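Below: one structure, written as structure tokens.
Residue numbers (this note's numbering): 1 to 176.
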């Protein structure tokens, strides 16, 4: 019964919390503090402050913590699934509709119009990363990191995670 309450406490904010995690915070507070009385306002505020200090989506962190507090590891799992469930279901429905109409000229046109926008956004992001690196580390280190990363990715075929890890270590040792 407690797992069902955990599911309801996070599924309802997931359904009606339009606007992402920050928009669902008051809805989660209503469920956790007012409806199920698992926390008082002070405890919820402390949990929210700690969750905001950690990386990642706020709604899943709250669901994981409160779910664990109320139902252990299974409660944490149920809370996180209830939080991401509504978005997941909506994406499955929308993707199935998109797949159903994939041969439609309108869908093909929409897809063709989205690709250049994504390419431009990725290019802008890459330029901003390059500029920030150049601005903070200088052109020699930026060029060196770009060259070494390119060689490791393209010639050595090293997994990108290792290149990123190596760059982080390099930055921590030589650029801090």
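C-beta: ideal position from N, C-alpha, C; glycine also. Note that the coordinates shown come from a computational prediction; the quantities given were computed from them, not determined experimentally.
Per DSSP, residue 153 lies in no alpha helix (DSSP H) and is assigned neither H nor E.
When C-alpha distances from residue 171 are compared across 54, 137 and 6, the shortest belongs to 137. Leaving aside the five residues that flank residue 86 on each side, the residues in its chain whose CB is nearer than 6 Å to its CB run, in chain order, 14 and 15. In the structure shown, the three-state DSSP call for residue 176 is coil. Closest in C-alpha terms to residue 79, from the list 41, 59, 93 and 122, comes 59. Between the region 43-59 and the region 88-96 there are fewer than three C-beta pairs closer than 8 Å, too few to call the two in contact. Contact between residue 10 and residue 33 does not hold, since their C-beta atoms are separated by about 14 Å, which reaches or exceeds 8 Å. A Cβ-Cβ distance of about 4 Å is found for the pair residue 142 and residue 133, placing them in contact under the 8 Å criterion. The Cβ atoms of residue 61 and residue 51 sit closer than 7 Å to each other.
Looking at the backbone, the Cα of residue 26 and that of residue 44 are separated by about 11 Å.
Linking residue 37 to residue 84 through their CA atoms gives a straight-line distance of about 23 Å.
A residue is called buried once 16 or more other Cβ atoms fall within 10 Å of its Cβ, and residue 128, having fewer, is exposed.
For the pair residue 24 and residue 31, the Cα-to-Cα distance works out to about 11 Å.
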